[in-house]
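Asks: My questions will all concern the structure given below.
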């Protein structure tokens, strides 16, 4: 086959141009449509594209080229497929929340991705280049080939660039986006949630962080050897005494909840909390979770055809000076405290003394997903119930949360006032 000479005999320029064009194409889609789905997919598939093109251009195909090219194709395809599947499940990439709408900061990520792909691909790019393939290697992989490499050191000076990719990728994994983002933060999350921490701690002690090694031997190895020869640097190690945000009392309470089989709601991504306000805007606040524990549309016949409520753990009462209180019994016979705006009269929050969950009126919340709401007290409904939704004739059963049982949207049975005292605060 004819060898293709493109710009230079090492294919450095042509692969760089292809990478830049490939990444800019996907960048234009991602920035124009604020679309995260293809970002990592573009990185992984770029490796496959470069390997295919350089192998096709090389003309001479020997075992070393084919094996190396196939390996990077398989790796790139697996990586891009995994990342695409992950982003399709999560919906968006939180890394770009502060960059997605800003042209140059967002472009900066893509420029870094260009460098990552081009540099890490260098070994395969060079091995497929005309400067290398014009010297056939019929003994590739044999004992004489390996011995000659060690004894004579026949690599040309230009080919030393091939080690840059391996060094660059290892540096990223060890100090930028790999171990530093996974090891200590992951251990901290497990510890603070008491997610089988004892077993996981033993796993960490028995497992080499980077270099494969038998767990039975690694467990008995002195710490100094783990921190040096096996590269388990202190920046990766989680020490509960130094790095946990929990106090001893919080830790004991968490262990007590776990021992009683109590399930806590997920608190991942709490930074994305929901905004709420009354109609006039005098009362505004944010919820303690990014989404409610449950959403109910109540059809009981207490003063309205139906009421929409979102259930949250107890939180600090907002704008007390702007709220009024009205207390009344519920259809379940309990007392419910109804807080509403003094100015516009909007009912905002319901709570009942004794528990630590509250009901926030659905109309006060921005971006609430009503498709997941459960209709309760439907036997008293005065409006049609949509087909296919979850329903309960009366109060929902078996609705347990970390903060207690939610009984109805109108009143939380034995609930606790959101101010935290179990009593309504004085109203003027």
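Numbering (this note's numbering), first residue to last: 34 to 461. Every residue gets a Cβ at the ideal spot worked out from N, C-alpha and C, and that includes glycine. Being a predicted model, the structure only gives us computed values, none of them experimental.
If you drop the 5 nearest sequence neighbours on each side, which residues of the same chain put their C-beta closer than 6 Å to that of residue 196?
Replies: If we look at residue 196 and ignore the five residues flanking it on each side, it has no Cβ neighbours.
Asks: What separation, rounded to the nearest whole angstrom, lies between the Cα atoms of residue 32 and residue 90?
Replies: Residue numbering for the chain in the displayed model covers 34 to 461; residue 32 lies beyond these limits and cannot be assessed.
Asks: Is there contact here, the segment 366-380 with the segment 264-278, by at least three beta-carbon pairs under 8 Å?
Replies: Judged by Cβ distances under 8 Å, the segment 366-380 makes no contact with the segment 264-278, as fewer than three pairs qualify.
Asks: Using only the alpha-carbon positions, how far apart do residue 331 and residue 341 sit?
Replies: The alpha-carbon atoms of residue 331 and residue 341 are separated by roughly 6 Å.
Asks: Quick one: grab the DSSP three-state call for residue 326.
Replies: DSSP places residue 326 in coil when its eight states are reduced to three.
Asks: Is residue 462 buried or exposed, if buried means 16 or more other CB atoms sit within 10 Å of its CB?
Replies: Within the shown structure, residues of the chain are numbered from 34 to 461, placing residue 462 beyond reach of any answer.
Asks: Quick one: grab the DSSP three-state call for residue 212.
Replies: Helix.
Asks: With a threshold of 16 other CB atoms inside 10 Å of the CB of residue 73, please say whether the residue is buried or exposed.
Replies: Buried.
Asks: Indicate whether the contact test is met: 3 or more Cβ pairs, each with one atom in the segment 322-330 and one in the segment 351-362, closer than 8 Å.
Replies: No: fewer than three Cβ pairs fall under 8 Å.
Asks: Please name the residue in 230, 419, 205 and 84 whose C-alpha comes closest to that of residue 109.
Replies: Closest by alpha carbon: 84.
Asks: My guess is that residue 239 and residue 251 are in contact by the Cβ rule of under 8 Å, so how many angstroms apart are they, rounded?
Replies: With a Cβ gap of about 6 Å, residue 239 and residue 251 count as contacting.
Asks: Could you round the C-beta distance between residue 140 and residue 60 to whole angstroms and report it? I think they count as a contact, below 8 Å.
Replies: About 6 Å separates the two Cβ atoms, so the contact holds.
Asks: So, with DSSP's three-state summary, where would you put residue 399?
Replies: Coil.
Asks: Report the three-state DSSP secondary structure of residue 73 (helix, strand or coil).
Replies: If DSSP states are grouped into helix, strand and coil, residue 73 belongs with the helices.
Asks: Could you tell me how far apart the beta carbons of residue 264 and residue 242 are, in whole angstroms, since I believe they sit closer than 8 Å?
Replies: At roughly 7 Å, the Cβ-Cβ gap stays under 8 Å, so residue 264 and residue 242 are in contact.
Asks: Across which residues does DSSP place residue 424 in a beta bridge pair?
Replies: Looking at the DSSP assignment, residue 424 forms a beta bridge with 408.
Asks: Please report the straight-line C-alpha distance between residue 95 and residue 36, rounded to a whole angstrom.
Replies: Each residue's alpha carbon lies about 14 Å from the other.
Asks: How many angstroms separate the CA atom of residue 159 from the CA atom of residue 43?
Replies: Straight-line Cα distance between these residues: approximately 6 Å.
Asks: Taking its Cβ as the centre, do 16 or more other Cβ atoms sit within 10 Å of residue 16, making it buried, or is it exposed?
Replies: Residue 16 cannot be examined here, being either before or after the span of the chain that is shown, 34 to 461.
Asks: Taking 8 Å as the threshold, find out whether the segment 40-56 comes into contact with the segment 147-157 through three or more Cβ pairs.
Replies: Touching, yes, given that three or more Cβ pairs across the two stretches are closer than 8 Å.
Asks: Which residue's Cα is closest to the Cα of residue 477: 221, 345, 86 and 53?
Replies: Missing from the structure shown is residue 477; the chain here goes from 34 to 461 and no further.
Asks: Drop a sphere of 10 angstroms on the beta-carbon of residue 410, count the other beta-carbons inside from all chains shown, and report buried for 16 or more, exposed for fewer.
Replies: When all chains shown are included, residue 410 counts as buried.
Asks: So, is residue 41 buried or exposed, given that buried needs 16 or more other C-beta atoms within 10 angstroms?
Replies: The residue is exposed, with fewer than 16 neighbouring Cβ atoms inside 10 Å.
Asks: Short check: CB of residue 343 to CB of residue 387, under 7 Å?
Replies: Not in contact: residue 343 and residue 387 (Cβ atoms no closer than 7 Å).
Asks: What's the gap between the Cα of residue 549 and the Cα of residue 206?
Replies: Because the chain is modelled from 34 through 461, residue 549 falls outside the range shown and cannot be assessed.
Asks: Could you tell me the boundaries of the alpha helix (DSSP H) in which residue 383 lies?
Replies: Per DSSP, residue 383 belongs to no alpha helix (DSSP H); it is in the beta strand (DSSP E), 380-384.
Asks: When the Cα of residue 362 is compared with those of 385, 346 and 381, which residue comes out closest?
Replies: Selected option, being the one with the closest Cα: 385.
Asks: Apart from the five residues just before and just after residue 135, which ones in its own chain have a Cβ nearer than 7 Å to its Cβ?
Replies: Closer than 7 Å at the Cβ level, and outside the excluded window around residue 135, lies no residue.
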